[in-house]
Amino acid sequence: LGGSIPGSLHLKMTQKSLEPPEDPTDVVDVIRGVLQAEEDAINHYRSIIKLTDGEDYVTQDLAITLLGQEEAHRQDFEGFLKEYTRG
20 LGGSIPGSLH LKMTQKSLEP PEDPTDVVDV IRGVLQAEED AINHYRSIIK LTDGEDYVTQ
80 DLAITLLGQE EAHRQDFEGF LKEYTRG
């Protein structure tokens, strides 16, 4: 795609969803953070799939595979959230 991969010193760390909660024993808050991270990953892979469509089939195929895995993770954690928030 004509770009280059930045080194770790050039990466901007902006993901707030997996920051430790104030109460590290708050499982529901941790699960919600994981769900937000999964949603961010899903959106990222969808954008890669769109960008590579008709241009780079190998990368697109990899992104489709990874998207499926992230969607499965999201489903798992949605189930965990339901278990922990049952009244």
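Quick note, in our numbering, the sequence shown goes up one by one and the last residue is 106. Ideal Cβ placement from N, Cα and C applies to all residues, glycine included.
Can you tell me whether residue 27 is helix, strand or coil according to DSSP?
helix
Would residue 64 pass as a contact of residue 91 if the rule is Cβ separation under 8 angstroms?
no
Proximity winner among 105, 103, 87, 93, relative to residue 53 (alpha-carbon distances):
93
Using the three-state DSSP reduction, which class does residue 72 fall into: helix, strand or coil?
coil
Looking only at its chain, what residues have a beta carbon closer than 7 angstroms to the beta carbon of residue 49, apart from the 5 residues adjacent to it on each side?
40
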